[in-house]
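Everything below concerns the one structure shown next.
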Amino acid sequence: MNHFAAVRNIHYGTPQAPVVVFDRSADGQTRVNTFERWRRNDHGDGPVGASDLAIFRSGKLRGTGILVTEPRDPTRSRDYRLWLPSLRKVRRFAEPDPADNWGGSNFSYGDIYVRRPHDEQHRLLGRETFDDCLGVVQLPPTERDRHTAAIPGADCSARGRAVFRLQSRPYRNDLGYDERISWVDVETFADYRALYYRDGQPVKVIDKAWRSMQLDDLRAQYWVYWYARSFADDRQGMAFVAPDAVQWNTALDPDLWSEQTLRRIRR
Numbered sequence: 002m003n004h005f006a007a008v009r010n011i012h013y014g015t016p017q018a019p020v021v022v023f024d025r026s027a028d029g030q031t032r033v034n035t036f037e038r039w040r041r042n043d044h045g046d047g048p049v050g051a052s053d054l055a056i057f058r059s060g061k062l063r064g065t066g067i068l069v070t071e072p073r074d075p076t077r078s079r080d081y082r083l084w085l086p087s088l089r090k091v092r093r094f095a096e097p098d099p100a101d102n103w104g105g106s107n108f109s110y111g112d113i114y115v116r117r118p119h120d121e122q123h124r125l126l127g128r129e130t131f132d133d134c135l136g137v138v139q140l141p142p143t144e145r146d147r148h149t150a151a152i153p154g155a156d157c158s159a160r161g162r163a164v165f166r167l168q169s170r171p172y173r174n175d176l177g178y179d180e181r182i183s184w185v186d187v188e189t190f191a192d193y194r195a196l197y198y199r200d201g202q203p204v205k206v207i208d209k210a211w212r213s214m215q216l217d218d219l220r221a222q223y224w225v226y227w228y229a230r231s232f233a234d235d236r237q238g239m240a241f242v243a244p245d246a247v248q249w250n251t252a253l254d255p256d257l258w259s260e261q262t263l264r265r266i267r268r
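The opening position of the sequence shown corresponds to residue 2 in my numbering, with each subsequent residue numbered one higher.
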């Protein structure tokens, strides 16, 4: 769902209202980064299926850029290029392991980019009503900074929605989980919650809050926040963006998704 190509392009965040991603450890340590993200889906019938660009605007990753090119052929690996501001160089690297953390967050590359449907075995467990609000990090006002001041409250818009309950089991056994149960909207196919298990015990949960793009296709959704919690160490994290800082089908230069853009990033 994170990669559904309902629109030509989509842009998350602005210079004034970037996407905020932060982690909070069990002892109260918080790490915050902000970024903008641009995704392009209209590559025609060529070998490229989509392009994804993220540029970090603040935090320890400030000035870092990640450009991902996704091939149309799902059996081929994605191309990853990373702009390292300290070296002023672009590095091309192999597809990250799905278990690796993205940007030092509680979200993995598997959660964001790497995981494909054929990487897991799926089984529909049934249809039910989603009866919960989505999780959020409870960050005390005294611990918020200018970026986390606008942290959203728990989203309850999915409560009462009809959902499919889907079981997914990875073919690999070194990803930190051996089963994932997802709750997916039967109309929009928005995935509201994914609960990860290992040896029958829950290890992690990821919740996603979605909004409609108001297009004819009900599947046209964009996210306004992700929430993650790891149960072993009670590490929590969120990525959130203001709804009015998300745009789609805008007139963007195709050269935006290029190595030249990475080289122009300023620290």
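Heads up, the beta-carbon is just placed ideally off N, CA and C, and yes, glycines get one too.
- Going by C-alpha positions, residue 65 is about 13 Å away from residue 260.
- Of all alpha-carbon atoms in 30, 256, 194, the one lying nearest the alpha-carbon of residue 227 is that of 194.
- Rounded to the nearest whole angstrom, the C-alpha separation of residue 40 and residue 201 is 36 Å.
- Counting only residues of its own chain and dropping the five nearest sequence neighbours on each side, residue 153 has a CB closer than 6 Å to the CB of 226, 241.
- The C-beta distance from residue 55 to residue 36 rounds to 5 Å, short enough to meet the 8 Å contact threshold.
- For residue 261, the enclosing alpha helix (DSSP H) covers residues 260-264.
- When the Cα atoms are used, residue 146 and residue 250 turn out to be separated by approximately 32 Å.
- In the same chain as residue 132, and ignoring 5 residues on each side of it, the C-beta atoms closer than 8 Å to its own belong to 160, 161, in chain order.
- Along the segment 181-262, the beta strand (DSSP E) occurs as fully enclosed runs of 3 or more residues at 192-199, 202-213, 222-231, 236-241, 247-249, listed in sequence order.
- For residue 64, no beta strand (DSSP E) run applies, since DSSP gives it neither H nor E.
- DSSP places residue 118 in the helix class (H, G or I) of the three-state scheme.
- In this structure, the beta-carbon distance from residue 42 to residue 9 falls below 8 Å.
- Counted as a single uninterrupted DSSP element, the beta strand (DSSP E) harbouring residue 57 occupies residues 49-59.
- Under the 8 Å Cβ criterion, the segment 94-110 counts as touching the segment 23-37, having at least three qualifying pairs.
- If the five residues before and after residue 219 are omitted, its C-beta is found closer than 6 Å to the C-beta atoms of 188, 189, all from its own chain and listed in chain order.
- The C-beta separation of residue 99 from residue 72 comes to about 17 Å, leaving the pair out of contact by the 8 Å criterion.
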